[in-house]
Every structure is written in structure tokens, then in C-alpha cells.
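Novice: Structure in C-alpha cells, see below.
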Amino acid sequence: MNTLIAPSILSSDFGKIYETIEMINKSEADWIHCDVMDGRFVPNITFGFPILSAVKRVAKKPLDVHLMIVEPEKYISDFKKAGAEILTVHLEACSHLHRTVYAIKESGMSAGVAINPHTSIELLNEVIRDIDLVCLMSVNPGFGGQKFIENTFSKIDRLKNMILNHHSKAKIEIDGGVDFSNAAKLISTGADVLVAGNTVFSHKDPVAAIAQLKNSSAHTITN
Ligand code: DX5
Ligand code: ZN
């Protein structure tokens, strides 16, 4: 399957946000990953609706909005209005996950569920048929540029089996520490979407970095 690449604008220069989105528009990227943090669910604060709306005005690719906030169910229609196409909430932040997933879908967005590195994929068993995306955090959420957690490979493997067993259409997205050294193995293990912040935006040629990630599977060596 064609792997989707979602550059995370968290690692970009926000003073040049329009140039960044134009760069993503002309690249091989598939989605634009937008990390919303509230300083409560995670120890960092990023941006909210005005920035998302500004990104949306120039974006030619879907906004993949990753909410690292408490009580995300309060803001579903606001994120829809701001331009989110895919809205991902954290399992750990939702007391009524099933209800929240359906509220996202009813407002016309694709519904994603993210889980932290310590959270077992088995907790997704009862909603896996209802969701469009599982975002496996491969770092502890809050910051870009962190080291990839190796246990993610085992989680992808088990999640893939769960998805197949339930005939779910959920895509597997990997978020955190994705780089040129692990991309091919992530894809061969079962990842459908790779999020990349630091790998794209610390590169001297971000368009080339996106292309290299996009074509990682061509270099897959099964081991
Ligand atoms: C972390 C965010 C990630 C982050 C990834 O909490 O959810 O999307 O931007 O950044 P890198 O690719 O630099 O680890
Ligand atoms: Zn993210």
C-alpha cells in the first residue's frame, strides 16, 4: 500500500507558516499534521483555531489534527469549522471515547484515536471497527525531536492483527521520532501513515526529505 506522509508543522518556523504550507503543497506529502496542545494533557502549549484556520486557507492537503488536550469532546465542531479533515483524540483524555468518536464522524470528519507509549493496544478492541485511524505515539507526546521508542514495532504488529481480525478500515499512523533509519521497517511492519516533524524541518531540503520518507518502502529489507 502507498504510505502516507504527514509532515508535522510543530517543528517548522511559525514566522514562515505560509511558506511552510506552500512547501508541503508542492511536496509529495499527503496530509498536514497539526499538533494542538493545551498545557494540561501534555506539558506544552502550541496553537488553536486561528492558526489552524490560517493553515487551512492555503493548504491543498487535508489537515490531520492531533489533539493533545483534555475534554476534546467540547471542541469538535470548532475544529471542524477551523478546517480539520481528520480529528484525532487521545484515548487517555476521553471518558466516553465511543461517544466522542461518533460525534467526530457525525460532524463530517474522519475519527482518529491516539494512544500513548504506555497504553496497551488491547484497549482499542471495542472501538477498532468504528474508527478511521489509530495514532500510535512512538514518543511521549508534548515535543518534537524526541527519540523513537522501539516497543512501537511490537505494538504495530499486534494492532495490525487486531485490525485484520475485526475487518476494520483503520489506518495505522506512527507519530514521534520517525526518521530515515526506521521508516522502511515501520512500513514493512504495518504503518500506513508516517508523521515527521524534525526529520522534515531540520533537513536542508524539506521537499526532498518528504520524498525520501515517501519512498522508504522501496528500500525495505525484510528481516
Ligand atoms: C509530539 C507530536 C508529534 C511531533 C513529532 O507530541 O505529536 O506530532 O510533532 O515530531 P518528531 O517527528 O520531531 O518526533
Ligand atoms: Zn502529533
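The sequence shown begins at 0 in numbering that gives the first Met the number 0 and counts up by one. Cβ atoms here follow ideal geometry from the backbone N, Cα and C, with glycine treated the same way. From a predicted model like this one, the values you see are computed outputs, not experimental measurements.
How big is the Cα-Cα spacing for T219 and K73?
Specialist: Working through the sequence shown from its first residue, we reach residue 219 at position 220. Working through the sequence shown from its first residue, we reach residue 73 at position 74. For T219, the predicted model reports a pLDDT of 49, less than 50, meaning its position is unreliable and no value from the coordinates is stated.
Novice: Looking at C-beta atoms only, is the number of pairs between the segment 121 to 132 and the segment 90 to 108 that lie closer than 8 Å three or more?
Specialist: Yes, the segment 121 to 132 touches the segment 90 to 108.
Novice: Given a cut-off of 8 Å on the beta-carbon distance, is the pair T188 and I155 in contact?
Specialist: Stepping through the sequence shown from its first residue, residue 188 is reached at position 189. Stepping through the sequence shown from its first residue, residue 155 is reached at position 156. Yes, the Cβ-Cβ distance between T188 and I155 is below 8 Å.
Novice: Whole angstroms is fine: what's the gap from N197's alpha carbon to D174's?
Specialist: In the sequence shown, counting from the first residue as 1, residue 197 sits at position 198. In the sequence shown, counting from the first residue as 1, residue 174 sits at position 175. Taking the straight line from one Cα to the other gives about 11 Å.
Novice: For I220, which three-state DSSP category applies?
Specialist: Here residue 220 is taken as the residue at index 221 of the sequence shown, counted from 1. Per-residue confidence for I220 stands at a pLDDT of 48, beneath the threshold of 50, marking its modelled position as unreliable; the derived number appears in the next sentence. Coil at I220, not helix or strand.
Novice: Output yes or no for whether 8 Å exceeds the beta carbon distance between F48 and I68.
Specialist: On the sequence shown, residue 48 is found 49 positions in, with the first residue counted as 1. On the sequence shown, residue 68 is found 69 positions in, with the first residue counted as 1. Contact: no.
Novice: Does the beta-carbon of F226 have 16 or more other beta-carbons within 10 angstroms, so that it is buried, or is it exposed?
Specialist: Outside the shown range of the chain (0 to 222) lies residue 226, about which nothing can therefore be said.
Novice: By Cβ distance below 6 Å, which residues in the same chain neighbour I4 in space, the five residues on each side in sequence not counted?
Specialist: The residue given as residue 4 occupies position 5 in the sequence shown. The residues are A28, D29, L193, I209, L212, K213.
Novice: Does the Cβ-Cβ distance between V35 and T19 come in under 8 Å?
Specialist: Taking the first residue of the sequence shown as position 1, residue 35 is located at position 36. Taking the first residue of the sequence shown as position 1, residue 19 is located at position 20. No. Outside cutoff.
Novice: State the beta-bridge partners of S262 as determined by DSSP.
Specialist: For the chain, the structure presents residues 0 to 222; residue 262 sits outside this window and is missing.
Novice: Would the beta-carbon of G111 fall within 8 Å of that of L86?
Specialist: Translated into the one-based positions of the sequence shown, residue 111 becomes position 112. Translated into the one-based positions of the sequence shown, residue 86 becomes position 87. Yes. Within cutoff.
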